[in-house]
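Remarks on the structure that follows.
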Amino acid sequence: MNETEFSAIKEIVIKRMKDVFSEIPYGIDHTLKVLQNAECLMLKNDITQTERQVVVLSALLHDIGAVEAMHKYGSIDGKYQEIEGPAVATKLLSGLGLCDSMIERVCYIVGNHHSKDKIDGTDFQIVWDADQMEQI
Ligand SMILES: [Fe+2]
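When we follow our numbering, the leftmost residue of the sequence shown carries the number 23, and every step to the right adds one.
Structure representation (structure tokens):
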């Protein structure tokens, strides 16, 4: 997907992410900071355009399961976010013309973003580091 098409998609995903987090405004601020960190880290890493797009979408959706986790389990603990996140992410990414393999990769990162031992690539590592930078 070219950059122009992708930036339009990115804007839609930002809007959808904000809608999901409407009841937890902290989630929006945190997510946008993680995206900003990820964008800085990408400048220092040699990655493909596809990986770059995966990083942007994963950064935007990494905590997206938090609202559903709160509703179902009364907790936004990482393990519940990992369980609920991929289904919410799939829904948010649907109908945008993204290929299945990209959605699958984003869901893998979203579904494991609290599990360091699941990091299996530079894209995931960047999202992990970008999130860690906000825990300090
Ligand atoms: Fe996070």
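Positions of the beta carbon are idealized from the N, C-alpha and C atoms, including for glycine.
Would you call G119 buried or exposed, if buried means 16 or more other Cβ atoms sit within 10 Å of its Cβ? exposed
So, does the region 76 to 84 touch the region 38 to 58, judging by three or more C-beta pairs under 8 Å? yes
Could you tell me which uninterrupted alpha helix (DSSP H) segments, each at least 4 residues in length, are contained entirely in the region 57 to 118, listed from first to last along the chain? 71 to 83, 88 to 95, 100 to 115
With a threshold of 8 Å (Cβ to nearest heavy atom), would E156 be considered close to ligand 1? yes
Between the Cα of Q147 and the Cα atoms of Y95, D99, D68, which residue gives the shortest distance? D68
Could you give the distance in angstroms between the alpha-carbon of E45 and the alpha-carbon of G107? 16 Å
Short check: CB of I141 to CB of A111, under 9 Å? no
Excluding the 5 residues flanking L114 on each side, which residues of the same chain have their C-beta closer than 6 Å to its C-beta? R38
Using 8 Å as the cut-off, classify the Cβ of V110 as near or not near the heavy atoms of ligand 1, replying yes or no. no
Between the alpha carbons of S29 and D139, how many angstroms are there, rounded? 31 Å
Going by beta carbon distance, what residues of the same chain come within less than 7 Å of D153, once the five residues before and after it are set aside? V56, H84, H135
Using only alpha-carbon positions, find the residue among V149, I36, E156 that is nearest to E61. V149
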